[in-house]
Amino acid sequence: MADLEQQIIELEDKLIENGEHERLKDIIHHRLVESGVRDKLRMHCQDVIRAKGISNVTAEELIAEVTGASERLVPDAVRTEIEARIRKSLQDL
Numbered sequence: 009m010a011d012l013e014q015q016i017i018e019l020e021d022k023l024i025e026n027g028e029h030e031r032l033k034d035i036i037h038h039r040l041v042e043s044g045v046r047d048k049l050r051m052h053c054q055d056v057i058r059a060k061g062i063s064n065v066t067a068e069e070l071i072a073e074v075t076g077a078s079e080r081l082v083p084d085a086v087r088t089e090i091e092a093r094i095r096k097s098l099q100d101l
């Protein structure tokens, strides 16, 4: 397991060095905004806070509450595009 973790760290370092890491983050951000995922997650967070009360929910609880929803909200087309871009970026290293 340590070897896999080390390989992941090395790949991420290379992506950071060549600027691709930042480009991928920007693309992901824009696609999530365009597809409405960001707004839907914001509304979901607001709903959770309203239901539990602002003083009765921690950041950790809120994150746990929306993590599953966030994965389901990403449209398949966006997920496929991002996965393809990541694969290409890794192949180009």
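Note that our numbering has the sequence shown beginning at 9, numbered continuously upward.
Note that CB positions come from ideal geometry on N, CA and C, so glycine has one too.
Quick caveat, the model's predicted, so the values are computed rather than measured.
- prompt: Where does R39 land, buried or exposed, given buried means 16+ other C-beta within 10 angstroms?
  reply: buried
- prompt: Are there 16 or more other CB atoms within 10 angstroms of the CB of L23, so buried, or fewer, so exposed?
  reply: buried
field: Best match in E89, L81 and L101 for proximity to V45 [C-alpha to C-alpha]
entry: L81
task: Output the boundary residues of the alpha helix (DSSP H) element that contains S97.
output: Unbroken alpha helix (DSSP H) run through S97: D84 to Q99.
field: G44 (DSSP reduced to helix, strand or coil)
entry: coil
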